[in-house]
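Residue numbers (the working numbering), protein chains in the order written: chain P, 1 to 126; chain C, 127 to 495.
Each residue gets a CB set at the ideal place from its N, CA and C atoms; glycine is no exception.
The block underneath contains the structure these notes are about, expressed in structure tokens.
Structure below.
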């Protein structure tokens with residue numbers, strides 16, 4: 001996965017696309033803003049979600065953040081590793097620190113997401 | 127518009143994440159809260175606490191005045207000794223928690239929280255005793271905390287106490303001394319709010335950068351680094367130290383917050399005395415306890431606490447404890463819950479998760495080493 005090819009949400013998630021399956025995680029910026037991540041809660045595999053449904057909780061020492069699904073579809077895999085060792089997300093948010101894979105129903109939902117360049121511009125405005 | 131301390135640029139250059147805290151732009155973290163926390167427990171860290179307030183009371187009856195406005199016994203302190211105390215209103219609720227420095231019976235220095243010092247200054251000014259003067263020195267006082275097992279070594283090796291090394295070496299817990307540098311007074315105090323051995327230094331803002339730089343440079347091999355407010359909170363939390371706005375406030379009495387030891391009924395009259403005496407007689411309604419979450423989640427301030435299906439209180443402070451690597455919580459619960467009851471639930475975003483009562487404070491450091 002090349003980060004430049006990922007799409008991004010306003011909620012600072014990255015989305016990597018492989019056919020009709022998307023992998024999601026949080027951006028390096030988000031991981032840095034959250035600080036030390038100490039606990040991650042993810043849904044069960046098989047769960048059906050709609051675009052923008054909450055699909056997880058990220059607890060850092062200082063704060064808590066919600067994870068939202070960028071697409072409608074079914075969760076087909078979660079990264080057990082980040083649940084056991086949440087600090088991975090701080091260390092490697094784009095590779096080892098992925099959260100889940102979702103089989104999407106409708107790829108046109110991706111149209112609203114930012115490209116890598118657009119996301120960087122968005123960060124610049126924040 | 128947030129205020130900046132004299133060390134603001136230093137923090138920015140050190141990569142501090144700056145946030146507004148009580149009207150001041152302060153660093154919440156540098157390398158990361160957990161790493162900073164562990165550095166203070168194991169080595170030594172530097173804190174900018176210039177946002178704290180300093181109020182001086184002078185005049186022949188200064189100590190007497192202090193005894194009237196705080197709950198602890200200032201009169202019984204030696205010159206050069208400090209006490210931790212609360213300042214209450216007439217109803218016995220807490221206006222702030224303070225350190226009281228006794229230079230002499232005619233000169234007292236009160237250190238107050240950033241969010242409260244203006245309120246405390248007004249409160250003390252309203253008391254109005256003849257021949258007692260109350261001055262707010264907060265703007266002209268910067269403060270650094272040096273905390274951790276290597277703090278004394280760092281201070282001595284940095285040269286910031288040149289000529290007073292023996293005084294630093296022999297300074298006991300909750301004692302202080304002062305000296306003049308370039309015509310200004312600098313105070314060295316054996317205090318802190320981390321649960322580790324440490325010092326706090328009060329210095330004019332114009333001199334604080336030099337002292338900070340000397341400490342940072344001398345401390346490289348000791349492993350010193352700046353520490354933000356995030357780790358300051360986790361350190362005090364593990365040590366069971368009250369934070370105003372969490373464990374203390376105008377709706378919580380010191381008797382509920384495990385601070386009975388700071389309320390000296392035998393010292394004479396003080397503001398809040400009769401209300402507190404009555405509360406003591408009837409027994410306080412609530413108490414602080416320590417909880418460990420037994421399921422996965424992080425308890426946060428304000429989350430409800432249940433026992434056997436009944437809501438019995440709320441979390442005053444909750445966090446992931448970097449030292450114990452577990453989610454812990456301080457909770458204010460009804461006193462009527464018996465001591466032998468260990469099993470509680472904490473409601474986290476609609477789910478009631480298990481928590482068990484554990485020894486409190488969670489961490490006991492070697493503050494007197």
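Whole-angstrom distance between residue j and residue i, CA atom to CA atom
i: residue 192 of chain C; j: residue 380 of chain C; result: 18 angstroms
i: residue 440 of chain C; j: residue 421 of chain C; result: 17 angstroms
i: residue 27 of chain P; j: residue 9 of chain P; result: 9 angstroms
i: residue 431 of chain C; j: residue 480 of chain C; result: 10 angstroms
i: residue 443 of chain C; j: residue 330 of chain C; result: 33 angstroms
i: residue 417 of chain C; j: residue 43 of chain P; result: 26 angstroms
i: residue 483 of chain C; j: residue 469 of chain C; result: 7 angstroms
i: residue 74 of chain P; j: residue 51 of chain P; result: 11 angstroms
i: residue 274 of chain C; j: residue 385 of chain C; result: 24 angstroms
i: residue 414 of chain C; j: residue 225 of chain C; result: 22 angstroms
i: residue 314 of chain C; j: residue 325 of chain C; result: 7 angstroms
i: residue 463 of chain C; j: residue 410 of chain C; result: 13 angstroms
i: residue 202 of chain C; j: residue 211 of chain C; result: 13 angstroms
i: residue 243 of chain C; j: residue 110 of chain P; result: 52 angstroms
i: residue 155 of chain C; j: residue 435 of chain C; result: 39 angstroms
i: residue 11 of chain P; j: residue 49 of chain P; result: 17 angstroms
i: residue 299 of chain C; j: residue 172 of chain C; result: 18 angstroms
i: residue 338 of chain C; j: residue 270 of chain C; result: 8 angstroms
i: residue 437 of chain C; j: residue 459 of chain C; result: 9 angstroms
Per DSSP, the bridge partner or partners of residue i
i: residue 304 of chain C; result: C:313
i: residue 58 of chain P; result: P:40, P:65
i: residue 233 of chain C; result: C:184, C:230
i: residue 238 of chain C; result: C:179
i: residue 8 of chain P; result: P:14, P:114
i: residue 273 of chain C; result: C:171, C:324
i: residue 147 of chain C; result: C:150
Three-state secondary structure assigned by DSSP to residue i
i: residue 123 of chain P; result: helix
i: residue 431 of chain C; result: strand
i: residue 333 of chain C; result: helix
i: residue 217 of chain C; result: coil
i: residue 496 of chain C; result: Given a span of 127 to 495 for chain C in the structure shown, any question on residue 496 of chain C remains unanswerable.
i: residue 351 of chain C; result: strand
i: residue 462 of chain C; result: coil
i: residue 23 of chain P; result: strand
i: residue 191 of chain C; result: helix
i: residue 358 of chain C; result: helix
i: residue 363 of chain C; result: helix
i: residue 442 of chain C; result: strand
i: residue 257 of chain C; result: coil
i: residue 32 of chain P; result: helix
Residue i beta carbon near the ligand MN (any heavy atom closer than 8 angstroms)
i: residue 169 of chain C; result: In the structure shown, the ligand MN is absent, as is every other ligand, since no ligand is present at all.
Cutoff 9 angstroms: residue i Cβ touching any chain B Cβ
i: residue 320 of chain C; result: This model lacks chain B altogether, as its protein chains are P and C.
Contact the stretch 102-118 of chain P vs the stretch 145-161 of chain C: 3+ CB pairs below 8 angstroms: no
Interfacial residues, the stretch 221-249 of chain C to chain P, with Cβ spacing under 7 angstroms: none
Segment contact, 8 angstroms Cβ cut-off, at least three pairs: the stretch 385-395 of chain C with the stretch 344-355 of chain C: no
Three or more C-beta pairs below 8 angstroms linking the stretch 150-164 of chain C and the stretch 444-456 of chain C: yes
Residues of the stretch 421-449 of chain C whose Cβ lies closer than 9 angstroms to any Cβ of chain P, in chain order: 422, 423, 424, 426, 445, 446, 448
Validate contact between the stretch 189-206 of chain C and the stretch 394-404 of chain C using beta carbons, cut 8 angstroms, 3 pairs: yes
Contact set between the stretch 62-74 of chain P and chain C, restricted to residues whose Cβ is under 8 angstroms from the partner: 62, 64
Near-chain P residues of the stretch 149-166 of chain C - C-beta to any C-beta below 9 angstroms: 154, 155, 158, 159, 160, 161, 163
Any 3 or more C-beta pairs closer than 8 angstroms across the stretch 170-185 of chain C and the stretch 132-139 of chain C: yes
Residues within the stretch 36-48 of chain P neighbouring chain C, beta-carbon criterion of under 8 angstroms: 36, 38, 39, 41
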